[in-house]
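Student: Protein chains in written order, with my numbering: chain A, 1 to 94; chain B, 95 to 402.
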Amino acid sequence: EKTFVGEQVLRIKASSNEKMGLLQDLQSLTHLQLDFWTEPANPNIPVDVRIPFRSLQSVKAYLEYNNIDYTIMIEDLQVIINNEKEEMEFNERK
Amino acid sequence: ERNSGSFNFGAFHTLDNLYNAIDLIVADYKSVVSKQQIGTSYEGRPIYVLKFSTGADRPGIWIDAGIHSREWVTQATALWTAHQLAFDYGKDTSVTSLLNKYDVFLLVVTNPDGYAYSHTANRMWRKTRSIKSGSRCVGVDPNRNWNAGFGGPGASADPCSDSYRGPSAESEVEVKTVANFIRSHGKIKGFVSIHSYSQLLLFPYGYKCTNPAHYTELNTVGKAAASALSALYGTQYTVGTICSTIYQASGGSIDWTYDIGIKYSFAFELRDTGRYGFLLPATQILPTAQETWLGIKKILEHVRDNPY
């Protein structure tokens with residue numbers, strides 16, 4: 001079973017079309033194995049990206065170098081998945 | 095003895111449990127709901143649609159949910175909606191008058207293989223589970239696989255991409271099954287596809303960035319639906335065409351349905367508050383379902399009152 005330990009989801013806000021373009025460039029870097037939960041297309045809609053642990057540093061450096069604002073939406077994905085699992089097991093027993 | 099009234103709609107469930115719940119709803123509301131197997135998924139799981147009907151030879155309205163498997167709140171919302179629709183018939187005047195004129199078809203789990211896989215192997219799985227010879231990667235994005243601008247912008251030709259469009263339109267049996275059902279029915283007048291997340295209510299087009307012929311009407315209906323939805327908990331939706339609201343994406347279901355003449359074609363992107371994404375806590379299932387129902391009802395009422 002695939003686990004997501006240390007993976008984060010960043011919520012990125014591109015303030016201009018130029019910065020949106022930089023996010024689209026990021027999307028094309030397939031070796032980073034980013035999972036875009038919402039696509040970089042419209043500056044009005046935040047871009048949420050799931051980032052494998054080993055790509056976190058590169059992505060954050062890229063965003064900071066380009067002055068693109070982001071917040072950490074999910075600190076550790078596996079923690080939430082574990083909570084979800086526990087809740088499902090509890091409901092199943094109930 | 096178990097019945098649909100004792101089922102916990104406020105929890106996430108495995109595919110087997112969802113299918114059991116569907117059977118409970120059918121057993122409890124036999125006079126209104128029946129279950130039809132319309133096809134079989136790539137890995138051999140049944141694809142069940144619930145038919146809400148009170149008479150013969152009626153026009154129909156289609157609702158499907160969770161074509162991308164990891165959107166668990168979507169399938170949970172659809173199951174709650176199924177129970178509500180059955181429960182409300184004969185009690186709620188809007189639902190009663192709707193079902194006295196139209197059949198409603200509700201597909202609770204559009205991508206059963208993906209749903210099962212997201213429960214057992216990869217919580218973040220989005221695609222189907224079909225295997226393509228010559229590729230190490232599995233699955234197709236089923237919402238890039240419809241015959242609407244297939245292969246155009248906003249869909250990937252790379253089998254390893256999460257938005258891989260597939261080798262040809264309707265290559266995925268899950269898509270072909272629904273498309274065949276819609277074609278063979280011949281009188282579907284409304285089509286609502288439920289996804290999550292990002293709080294959007296979308297209408298065609300996505301494969302091109304021009305407005306549909308019925309833009310004004312669809313926009314008005316969409317805004318009324320979003321407003322009804324918002325009235326319950328204040329959840330704000332953005333309404334518009336796929337292309338103008340989010341991005342250009344080809345091969346989507348509601349573009350296909352609109353282009354074959356189903357004027358009222360809409361897609362919901364349900365809640366997230368910006369904190370959980372696809373991992374919305376189960377405590378949000380019921381509020382999400384309740385508010386979404388108000389939006390769906392607005393669309394259903396418009397279809398009912400505006401025959402074409």
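Backbone N, C-alpha and C fix where the C-beta goes; we use that ideal spot for every residue, glycine too.
Under 8 Å, do S265(B) and N239(B) count as touching if we go by C-beta distance?
Tutor: Residue 265(B) sits at position 171 when you count from the first residue of the second sequence. Residue 239(B) sits at position 145 when you count from the first residue of the second sequence. Contact: yes.
Student: Should T339(B) and P298(B) be called a contact, given that it needs their Cβ atoms to be closer than 8 Å?
Tutor: Position 245 of the second sequence, counting from 1, holds the residue named residue 339(B). Position 204 of the second sequence, counting from 1, holds the residue named residue 298(B). Cβ atoms of T339(B) and P298(B): not closer than 8 Å.
Student: The alpha helix (DSSP H) spanning P381(B) covers which residue range?
Tutor: Along the second sequence, one-based indexing puts residue 381(B) at 287. That run of the alpha helix (DSSP H) goes I379 to D399.
Student: Are any of the Cβ atoms in chain B nearer than 8 Å to that of M73(A)?
Tutor: Along the first sequence, one-based indexing puts residue 73(A) at 73. Yes, contact with chain B.
Student: Would you call the segment 223-232 of chain B and the segment 252-268 of chain B touching, i.e. three or more CB-CB distances under 8 Å?
Tutor: In short, these stretches touch, since the Cβ pair count reaches three.
Student: For D35(A), decide whether its Cβ has a neighbour in chain B, counting only Cβ atoms nearer than 8 Å.
Tutor: As a first step, residue 35(A) must be located in the first sequence, where it is residue number 35. Yes - at least one Cβ of chain B is within 8 Å of the one on D35(A).
Student: Going by DSSP, what residues sit across from F285(B) in a beta bridge?
Tutor: Taking the first residue of the second sequence as position 1, residue 285(B) is located at position 191. W156(B) and S359(B), per the DSSP bridge assignment.
Student: Tell me which residue opens and which closes the alpha helix (DSSP H) that R277(B) is part of.
Tutor: On the second sequence, residue 277(B) is found 183 positions in, with the first residue counted as 1. V267 to H279 is the span of the alpha helix (DSSP H), which, as asked, contains R277(B).
Student: How many angstroms separate the CA atom of Q27(A) from the CA atom of G355(B)?
Tutor: Position 27 of the first sequence, counted from the start, is the residue given in the question as residue 27(A). Position 261 of the second sequence, counted from the start, is the residue given in the question as residue 355(B). Cα to Cα, the separation comes out at about 35 Å.
Student: Could you tell me which uninterrupted alpha helix (DSSP H) segments, each at least 4 residues in length, are contained entirely in the segment 332-359 of chain B, listed from first to last along the chain?
Tutor: The segment 332-359 of chain B contains these whole alpha helix (DSSP H) runs: 336-339 and 347-353.
Student: Using a 10 Å radius around the Cβ and a threshold of 16 neighbouring Cβ atoms, would you call C303(B) buried or exposed?
Tutor: Sequence index remark: in the second sequence, residue 303(B) carries index 209 (1-based). So C303(B) counts as exposed.
Student: If the cut-off is 8 Å on Cβ atoms, which residues from the segment 360-392 of chain B count as contacting chain A, listed in chain order?
Tutor: Listed in sequence order: G368, R369, Y370, G371, F372, L373, P375 and A376.
Student: Measure how close the beta-carbons of Y327(B) and E363(B) come, nearest whole angstrom, since I'm counting them as under 8 Å.
Tutor: Within the second sequence, residue 327(B) is the residue found at index 233, counting from 1. Within the second sequence, residue 363(B) is the residue found at index 269, counting from 1. Going by Cβ atoms, the distance from Y327(B) to E363(B) rounds to 16 Å, so no, they are not a contact pair.
Student: Closer than 8 Å between beta carbons: that is the criterion. Which residues of the segment 209-227 of chain B meet it against chain A?
Tutor: Taking 8 Å as the Cβ-Cβ cut-off against chain A, the residues of the segment 209-227 of chain B that qualify are T214, A215, N216, R217 and M218.
Student: Can you give the Cα-Cα distance for Y331(B) and L173(B), rounded to whole angstroms?
Tutor: Mapped onto the second sequence, residue 331(B) falls at position 237. Mapped onto the second sequence, residue 173(B) falls at position 79. Taking the straight line joining both Cα atoms gives about 22 Å.
Student: Pull up the CB-CB distance for I276(B) and W156(B), whole angstroms please, since I reckon it's below 8 Å.
Tutor: If you number the second sequence from 1, residue 276(B) lands on position 182. If you number the second sequence from 1, residue 156(B) lands on position 62. Indeed they touch by this definition, with Cβ atoms about 6 Å apart.
Student: Quick one: what does DSSP say M218(B) is sitting in, helix, strand or coil?
Tutor: Along the second sequence, read from residue 1 onward, the residue named residue 218(B) stands at position 124. Reduced to three states, the DSSP call for M218(B) is coil.
Student: So M20(A) contacts chain B; which residues on that side make the cut at Cβ distance below 9 Å?
Tutor: Working through the first sequence from its first residue, we reach residue 20(A) at position 20. The premise fails here: M20(A) is roughly 10 Å from chain B at the closest Cβ pair, so nothing lies under 9 Å.
Student: Once the 5 residues before and after R139(B) are set aside, which same chain residues still bring their CB inside 8 Å of it?
Tutor: Within the second sequence, residue 139(B) is the residue found at index 45, counting from 1. These residues qualify, in order along the chain: L109, P206, D207 and A210.
Student: Just verifying my parser: in three-state terms, what is the DSSP assignment at Y142(B)?
Tutor: Reading the second sequence from its first residue, position 48 is the one you call residue 142(B). Strand, per DSSP.
Student: At a CB distance below 9 Å, what residues from the segment 103-126 of chain B approach chain A? Give them in sequence order.
Tutor: Cβ contacts with chain A: G104, A105, F106, H107, T108 and N111.
Student: Hey, is the segment 162-180 of chain B in contact with the segment 309-317 of chain B, meaning 3+ C-beta pairs nearer than 8 Å?
Tutor: Because the criterion of three Cβ pairs below 8 Å is not met, the segment 162-180 of chain B and the segment 309-317 of chain B do not touch.
Student: Quick check on this structure: which residue in Q131(B), G99(B), A170(B) and E165(B) has the alpha carbon closest to the alpha carbon of S290(B)?
Tutor: For the purposes of this step, residue 290(B) is taken as the residue at position 196 of the second sequence. Residue E165(B) is the option with its Cα nearest to S290(B).
Student: Which residues, taken in chain order from the segment 252-286 of chain B, show a beta carbon closer than 7 Å to some beta carbon of chain A?
Tutor: Listed in sequence order: D256.
Student: Could you give the residue range of the alpha helix (DSSP H) that holds Q178(B)?
Tutor: Here the question's residue 178(B) lines up with position 84 in the second sequence. Where Q178(B) is concerned, the enclosing alpha helix (DSSP H) stretches over W166 to D182.
Student: Under 8 Å, do L380(B) and F103(B) count as touching if we go by C-beta distance?
Tutor: Here residue 380(B) corresponds to residue number 286 of the second sequence, with the count starting at 1. Here residue 103(B) corresponds to residue number 9 of the second sequence, with the count starting at 1. Result yes, Cβ atoms of L380(B) and F103(B) sit closer than 8 Å.
Student: List the residues of chain B that I81(A) touches, going by C-beta distances under 8 Å, in chain order.
Tutor: Residue 81(A) sits at position 81 when you count from the first residue of the first sequence. Ordered by position in chain B, the residues that pass the 8 Å Cβ test against I81(A) are R217 and L373.
Student: On a Cα-Cα basis, can you pick out the residue from D349(B), R230(B), L295(B) and Y258(B) that is closest to H162(B)?
Tutor: Counting from one through the second sequence, the residue named residue 162(B) turns up at place 68. The shortest C-alpha separation from H162(B) is found at Y258(B).
Student: Which of the three DSSP states, helix, strand or coil, is assigned to I46(B)?
Tutor: The requested residue 46(B) is not part of the displayed model; chain B covers only 95 to 402.
Student: By alpha-carbon positions, which one of V234(B), H107(B) and T204(B) ends up nearest to V286(B)?
Tutor: Your numbering for residue 286(B) matches position 192 in the second sequence. Ranking the options by Cα distance to V286(B), first place goes to T204(B).
Student: Apart from the five residues just before and just after S292(B), which ones in its own chain have a Cβ nearer than 6 Å to its Cβ?
Tutor: As a working note, residue 292(B) is residue 198 in the second sequence. Counting only Cβ-Cβ distances below 6 Å, and skipping sequence neighbours, we find E363.
Student: Specify the secondary structure class of F53(A) as computed by DSSP and reduced to three states.
Tutor: Numbered from its first residue, the first sequence carries residue 53(A) at position 53. It is helical.
Student: Applying a beta-carbon distance threshold of less than 7 Å, which residues of chain B neighbour A61(A)?
Tutor: The residue given as residue 61(A) occupies position 61 in the first sequence. In chain order: nothing, as chain B lies at least about 23 Å away.
Student: Can you pull the chain B neighbours of D48(A), defined as C-beta to C-beta under 7 Å?
Tutor: Taking the first residue of the first sequence as position 1, residue 48(A) is located at position 48. Per Cβ cutoff of 7 Å: G371.
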